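**Student:**
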Amino acid sequence: MVEGGARSAFFSLPIPDKLSDDLNNGSESSVGINRRSFVGGASVLAGFAGTKAAFAQKKYSDGVTDTEIKLGHTGPYSGPASAYGTIGKGIEAYWKMVNDQGGINGRKINFITYDDGFSPPKTVEMVRKLVENDKVFATFQTLGTACNTAIHKFMNQKKVPQLFVSTGASKWGNPKQYPWTIGWQPDYITESAIYAKHILDQHKGEKIGILWLNDDSGKDYVSGFMKGLGKENEKLVVSNVSYEVTDPTVESQIIQLKSSGATVFFCHATPKHASQAIRKAADIGWKPSFYLVNVSISVDSVLKPAGLENCQGIITAAYYKDPTDAQWAKSPDFVQWKAFMDKYMPAANQGDAFYTYAYAVAATMQEVLKRCGNELTRENLMKQVASMKDVEIPLLLPGIKLNTSATDFYPIQSMQLQRFEGDTWKLFGNVITSEAG
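See the structure below:
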């Protein structure tokens with residue numbers, strides 16, 4: 077896909093002369109950091125409708141001082157979903173860059189991140205610590221549907237913002253019931269309906285097999301997929317098999333799916349299990365038309381371990397730029413991302429798409445905080461979060477913008493299909509926009 081007339085929504089990134097301290101690779105870290113100016117060109121600033129920040133009078137909630145903003149995070153740096161730990165590390169590095177550039181309105185970000193191992197009870201323990209002991213201003217990008225489900229009632233009871241959660245479950249778009257919780261990525265129901273409609277168009281009448289993770293995210297994916305098929309086509313699904321995140325492998329499920337006679341495969345799995353599913357299908361000679369969910373499409377974390385020769389033709393949907401796609405090499409946002417990676421994460425694998433995801437979502441959080449000005453109350457933070465209008469963020473695909481309102485807590489509602497060819501993803505078709513959930 078060609079960028080066409082899409083214009084950059086951010087200033088050029090000034091890279092500090094001196095490299096920051098190496099990232100803390102442990103399961104728990106606290107980062108204090110510094111910023112000049114990065115994201116926030118005219119179109120981004122204009123995108124926050126009716127959000128006049130009160131710079132004159134300072135108002136603070138817990139976690140904010142004249143010099144610091146505390147943000148909390150949990151993620152799986154260990155355990156069955158540890159591939160997602162890259163996201164937390166990428167966000168941590170982003171705040172180092174921001175702090176080196178002067179912070180946000182003169183305040184450094186103190187990013188406190190804990191390892192929850194993708195275990196909901198551990199998430200509860202860590203988030204209570206963040207809120208009650210660390211006194212964070214907000215949590216940001218807590219990862220996993222089950223993990224966020226375990227904490228979102230607590231966060232709303234405490235009236236602490238639970239922002240841009242790293243899960244596309246449809247429940248995060250319910251401001252009436254949970255006004256302190258919001259997602260970021262496209263919701264799973266919308267995403268899976270896109271796959272179903274493409275299957276009906278390209279593989280009409282073919283038998284379909286489904287593999288899904290047995291949690292709320294998997295239930296959303298299956299629900300959206302069946303909705304996309306429509307009642308009259310539900311009979312095409314001849315095998316519908318689940319697995320648990322703690323299962324060592326999904327090999328038996330893949331054998332079962334092949335035995336069903338399915339020639340189309342819709343796969344919802346975390347990175348480790350998605351990689352296993354691809355390899356096992358190849359090992360047993362099952363070659364269905366393969367649709368893989370967006371949360372497990374990293375070339376380096378998922379596809380390479382499965383064998384790139386086994387991944388040819390897999391279809392997924394995307395909303396941010398893949399670092400292995402050469403068409404982005406000269407786009408300003410990608411050039412800035414690469415400079416960031418070279419400076420702040422020199423040992424990291426730049427083929428891992430979770431780093432581009434981390435950069436984009438952190439840029440979103442940066443802009444929201446910047447728009448708060450000196451009125452850094454939790455109420456004003458949610459006001460800024462709920463008033464985004466056509467906001468452009470670095471590394472999102474051209475044509476994809478963020479929009480929210482007091483009644484719409486689904487920031488991104490657009491995706492574009494892509495197919496794996498050779499050693500990278502190739503976009504095709506148009507950007508598809510639909511109402512979430």
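In our numbering, the protein residues as written are 77 to 513.
Even for Gly, the Cβ is constructed at its ideal location relative to N, Cα and C.
Just so we're clear, the structure is a prediction, and the values are computed from it rather than from any experiment.
Should residue 214 and residue 196 be called a contact, given that it needs their Cβ atoms to be closer than 8 Å?
**Tutor:** On the sequence shown, residue 214 is found 138 positions in, with the first residue counted as 1. On the sequence shown, residue 196 is found 120 positions in, with the first residue counted as 1. Taking 8 Å as the Cβ cut-off, residue 214 and residue 196 do not qualify as a contacting pair.
**Student:** Can you grab the Cα-Cα spacing for the pair residue 456 / residue 258, in whole Å?
**Tutor:** Position 380 of the sequence shown, counted from the first residue, corresponds to residue 456. Position 182 of the sequence shown, counted from the first residue, corresponds to residue 258. So the two alpha carbons sit approximately 15 Å from each other.
**Student:** Would you tell me roughly how many angstroms separate the C-alpha atoms of residue 413 and residue 309, rounded to the nearest one?
**Tutor:** Along the sequence shown, one-based indexing puts residue 413 at 337. Along the sequence shown, one-based indexing puts residue 309 at 233. Roughly 43 Å separates the two Cα atoms.
**Student:** Report back the beta-carbon spacing between residue 522 and residue 490 to the nearest angstrom; my notes put them in contact at under 8 Å.
**Tutor:** Outside the modelled stretch of the chain, which goes from 77 to 513, sits residue 522, for which no answer is possible.
**Student:** Using only alpha-carbon positions, find the residue among 367, 406 and 488 that is nearest to residue 477.
**Tutor:** Sequence index remark: in the sequence shown, residue 477 carries index 401 (1-based). With distances taken between Cα atoms, residue 477 lies closest to 488.
**Student:** For residue 347, which residues in the same chain have their Cβ closer than 6 Å to its Cβ, ignoring the five residues on either side in sequence?
**Tutor:** Taking the sequence shown and counting its residues from 1, the one referred to as residue 347 is at position 271. Hits under 6 Å: 159, 372, 377 and 378.
**Student:** Would you mind sorting residue 293 into buried or exposed? The rule is 16 or more other CB atoms within 10 Å of its CB.
**Tutor:** Here residue 293 corresponds to residue number 217 of the sequence shown, with the count starting at 1. By the 10 Å Cβ count, residue 293 comes out buried.
**Student:** For residue 248, which residues from the same chain have a beta carbon less than 7 Å from its beta carbon, with the 5 sequence-adjacent residues on both sides left out?
**Tutor:** By 1-based counting over the sequence shown, the position of residue 248 is 172. The answer, listed in chain order, is 241, 257, 258, 259 and 485.
**Student:** With a threshold of 6 Å on Cβ separation, who are the neighbours of residue 390 within its own chain once the five nearest residues in sequence on each side are excluded?
**Tutor:** In the sequence shown, residue 390 corresponds to position 314, counting from 1. Excluding positions up to five away in sequence, the list reads 366, 368 and 496.
**Student:** Threshold first: 3 residues or longer. Then list the beta strand (DSSP E) segments lying entirely within the segment 338-391, N to C.
**Tutor:** Those beta strand (DSSP E) runs which fall completely within the segment 338-391 and span 3+ residues are 340-343 and 365-368.
**Student:** What are the boundary residues of the beta strand (DSSP E) that residue 150 is part of?
**Tutor:** Here the question's residue 150 lines up with position 74 in the sequence shown. Residues 144-151.
**Student:** Please give the ranges of any alpha helix (DSSP H) in the segment 443-512, keeping only runs that are unbroken, at least 4 residues long and fully inside the region.
**Tutor:** You should have 454-461.
**Student:** Assign residue 235 to one of two classes, buried (16 or more other C-beta atoms within 10 Å of its C-beta) or exposed (fewer than that).
**Tutor:** Counted from its first residue, the sequence shown places residue 235 at position 159. Label assigned to residue 235: exposed.
**Student:** Less than 7 Å between C-beta atoms, sequence neighbours within five positions excluded: which residues of the same chain meet that for residue 254?
**Tutor:** Numbered from 1 along the sequence shown, position 178 holds the residue referred to as residue 254. Once the five neighbours on either side are set aside, the close Cβ partners of residue 254 are 228 and 232.
**Student:** State the start and end residues of the unbroken alpha helix (DSSP H) segment that holds residue 420.
**Tutor:** Residue mapping note: residue 420 aligns to position 344 of the sequence shown, counting from 1. Its alpha helix (DSSP H) spans residues 408-420.
**Student:** What residues are listed by DSSP as bridge partners for residue 162?
**Tutor:** To locate residue 162, count along the sequence shown from 1; it is residue 86. Its beta-bridge partners do not exist; DSSP assigns none.
**Student:** Pick helix, strand or coil for residue 174, following the three-state DSSP scheme.
**Tutor:** Working through the sequence shown from its first residue, we reach residue 174 at position 98. Helix, per DSSP.
**Student:** Rounded to a whole number of angstroms, what is the C-alpha to C-alpha distance between residue 350 and residue 171?
**Tutor:** In the sequence shown, residue 350 corresponds to position 274, counting from 1. In the sequence shown, residue 171 corresponds to position 95, counting from 1. Going by the C-alpha atoms only, they are around 30 Å apart.
**Student:** Would you grab the beta carbon distance between residue 212 and residue 139 for me? Rounded to a whole angstrom, and I think it's under 8 Å.
**Tutor:** In the sequence shown, residue 212 corresponds to position 136, counting from 1. In the sequence shown, residue 139 corresponds to position 63, counting from 1. Sure, about 5 Å apart at Cβ, within 8 Å.
**Student:** Give the secondary structure of residue 288 by DSSP, where H, G and I count as helix, E and B as strand, and everything else as coil.
**Tutor:** By 1-based counting over the sequence shown, the position of residue 288 is 212. In the structure shown, residue 288 sits in a strand (DSSP, three-state: E or B).
**Student:** Just to confirm before moving on: does the CB-CB distance between residue 460 and residue 444 stay below 8 Å?
**Tutor:** To locate residue 460, count along the sequence shown from 1; it is residue 384. To locate residue 444, count along the sequence shown from 1; it is residue 368. The answer is yes: Cβ separation under 8 Å.
**Student:** Can you give the beta carbon distance from residue 341 to residue 333, rounded, assuming they're within the 8 Å contact cut?
**Tutor:** Residue mapping note: residue 341 aligns to position 265 of the sequence shown, counting from 1. Residue mapping note: residue 333 aligns to position 257 of the sequence shown, counting from 1. Sure, about 7 Å apart at Cβ, within 8 Å.
**Student:** Can you tell which of 268, 315, 312 and 319 has the C-alpha that lies nearest to the C-alpha of residue 291?
**Tutor:** Reading the sequence shown from its first residue, position 215 is the one you call residue 291. The residue with the shortest Cα to Cα distance from residue 291 is 319.
**Student:** Put residue 313 into one of helix, strand or coil per three-state DSSP.
**Tutor:** Counting from one through the sequence shown, the residue named residue 313 turns up at place 237. Looking at residue 313 - three-state DSSP - the assignment turns out to be strand.
**Student:** Would you give the residue range spanned by the alpha helix (DSSP H) that residue 188 belongs to?
**Tutor:** In the sequence shown, residue 188 corresponds to position 112, counting from 1. First-last for residue 188: 184-191, but that is the beta strand (DSSP E), not the alpha helix (DSSP H).
**Student:** I need the boundaries of the beta strand (DSSP E) containing residue 214, first residue and last residue.
**Tutor:** Locating residue 214 in the sequence shown gives position 138, where the first residue counts as 1. Here the beta strand (DSSP E) through residue 214 covers 214-216.
**Student:** Assign residue 208 to buried or exposed, taking buried as 16 or more other Cβ atoms, counted over all protein chains shown, within 10 Å of its Cβ.
**Tutor:** If you number the sequence shown from 1, residue 208 lands on position 132. Per the 10 Å Cβ criterion, exposed.
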